[in-house]
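Participant: Once you've had a glance at the structure underneath, I'll fire off some questions.
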Amino acid sequence: MASYQIVTDSSTDLPAALAKELGLVVLPLKFTLEGQTYEDFLEGGALTYHEFYDRLRAGAVSKTAQITLAEFEEAFEKILAAGQDLLYIGFSSGLSGTYHCAVLAAEELRGKFPERKIITVDSLCASMGEGLLVWHACRLRDEGMPLEELAAWLESHKLQLCHLFTVDDLHFLKRGGRVSPTTAFFGTMMNIKPVLRVDDEGHLVPLGKARGRKASLAALCDQMKALVVSPQEQTVFISHGDCEEDARYLAELVQSQLGVPRVTIGQIGPVIGSHSGPGTVALFFLGSHR
219 MASYQIVTDS STDLPAALAK ELGLVVLPLK FTLEGQTYED FLEGGALTYH EFYDRLRAGA
279 VSKTAQITLA EFEEAFEKIL AAGQDLLYIG FSSGLSGTYH CAVLAAEELR GKFPERKIIT
339 VDSLCASMGE GLLVWHACRL RDEGMPLEEL AAWLESHKLQ LCHLFTVDDL HFLKRGGRVS
399 PTTAFFGTMM NIKPVLRVDD EGHLVPLGKA RGRKASLAAL CDQMKALVVS PQEQTVFISH
459 GDCEEDARYL AELVQSQLGV PRVTIGQIGP VIGSHSGPGT VALFFLGSHR
């Protein structure tokens, strides 16, 4: 039994059953949809993922909010007061202020619990990319890796956690400033699908484009071929915005073409999905670099 607790946040988009199996404490971000605010519990909470994406398809706008300093302090203090050390693996600081709040909470609580170890790691990851990094952390914890050694492993490996994704509707990237209105208009008219990645600073950046949905999914697999290390030994994660059939198609590609033995498919939750939109498919694995 590890003497430390791993804590993360709901932007990991891990399946709830897997998060429970891993023994994680998962703190929810929030989103506001049509005037009502929800906590982003894994796999939907009060609002199912399908209902959320259907409302986006109908034109609803969802706004997201980070975890507050007070919420971090409350959650962390429960763990520390119970006599456990704590490792927090957080949502990319390049996409959210959530990690900064966790750092402030840790600094505050170190004075109150000087005998406890509190370590925070900025994953520079998002969605099930963050989830895959957390999964590796839990595996190493269960193998007996000490807290400080695990934190060092995360820092040295997080920029090998590759994020590749494509979207089906350019409207959401346009709204977030990721593509221009002109690009979105002509891209939609010509059925152009962008391929994007997360860079070393944890930001979303364009990588390429493909014409048509199947071509964009194949492009994800092709990019993985160029980056992946030892695919026959890896567990790969795929997340999707209410388009499971496309995620399964991509899983078949990476398994048949790269010999990947294990693929875990999960849904993109409302916090990430508010910005990427329905129809997003993302691929995560360990590579030589991002």
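The sequence shown: position 176 = 394 (this note's numbering), numbered continuously. The beta carbon of each residue, even a glycine, is placed where N, CA and C say it ideally should be.
Going by DSSP in three states, A500 sits in which element: helix, strand or coil?
Facilitator: Looking at A500 - three-state DSSP - the assignment turns out to be strand.
Participant: Since I410 is in the beta strand (DSSP E), which residue starts that stretch and which ends it?
Facilitator: Per DSSP, I410 belongs to the beta strand (DSSP E) from I410 to V416.
Participant: Could you give the DSSP three-state label for V321: helix, strand or coil?
Facilitator: V321 falls in the helix class under three-state DSSP.
Participant: Give a yes or no on whether the C-beta atoms belonging to S228 and L251 are separated by under 7 Å.
Facilitator: Taking 7 Å as the Cβ cut-off, S228 and L251 do not qualify as a contacting pair.
Participant: Is P424 buried or exposed, if buried means 16 or more other CB atoms sit within 10 Å of its CB?
Facilitator: Looking at its Cβ environment, which holds fewer than 16 other Cβ atoms inside 10 Å, P424 is exposed.
Participant: Could you spell out where the alpha helix (DSSP H) holding I486 opens and where it closes?
Facilitator: Unbroken run through I486: none, as it is neither H nor E.
Participant: Mapping DSSP to helix, strand and coil, what is A283?
Facilitator: In this structure, A283 counts as strand in the three-state DSSP scheme.
Participant: Pop quiz: E419 and G312 are said to be a contact at Cβ under 8 Å. What is the actual Cβ separation, rounded to whole angstroms?
Facilitator: Correct: roughly 5 Å between the Cβ atoms.
Participant: With DSSP run on the structure shown, which of helix, strand or coil describes L265?
Facilitator: L265 falls in the coil class under three-state DSSP.
Participant: DSSP state of V385, grouped into three classes?
Facilitator: If DSSP states are grouped into helix, strand and coil, V385 belongs with coil.
Participant: Which residues mark the beginning and the end of the alpha helix (DSSP H) in which K238 is found?
Facilitator: Counting along the chain, the alpha helix (DSSP H) containing K238 begins and ends at A234 to E239.
Participant: Can you list, in chain order, the residues of its chain with a C-beta nearer than 7 Å to that of D387? Leave out the 5 residues immediately preceding and following it.
Facilitator: The residues are G495, P496 and G497.
Participant: Just grab the DSSP bridge partners of S494 for me.
Facilitator: According to DSSP, S494 bridges with nothing at all.
Participant: Taking its Cβ as the centre, do 16 or more other Cβ atoms sit within 10 Å of G329, making it buried, or is it exposed?
Facilitator: That one is exposed.
Participant: By the DSSP assignment, the alpha helix (DSSP H) with K432 in it spans what residues?
Facilitator: Note, K432: alpha helix (DSSP H), R431 to L445.
Participant: Leaving out five residues on either side along the sequence, give the residues of the same chain with a beta carbon under 6 Å from the beta carbon of F403.
Facilitator: Note that F403 scores 42 on pLDDT, short of 50, meaning its location in the model is unreliable and no value can be drawn from it.
Participant: Taking buried to mean at least 16 other C-beta atoms within 10 Å of its own C-beta, is R357 buried or exposed?
Facilitator: The residue is exposed, with fewer than 16 neighbouring Cβ atoms inside 10 Å.
Participant: Do three or more CB pairs link the region 339–354 to the region 450–460 at distances below 8 Å?
Facilitator: The region 339–354 vs the region 450–460: in contact.
Participant: Looking at C-alpha atoms only, which residue of L377, R480, L382 and I337 is the closest neighbour of L368?
Facilitator: Checked all of L377, R480, L382 and I337; the closest Cα to L368 is I337.
Participant: Using the beta-carbon count (16 or more within 10 Å), is A465 buried or exposed?
Facilitator: That one is buried.
Participant: Is H507 helix, strand or coil when you go by DSSP?
Facilitator: Three-state DSSP puts H507 in coil, outside helix and strand.
Participant: My output table needs one value for K517: the three-state DSSP class, helix, strand or coil.
Facilitator: Residue 517 lies beyond the residue range present for the chain, which begins at 219 and ends at 508; the question has no answer from this structure.
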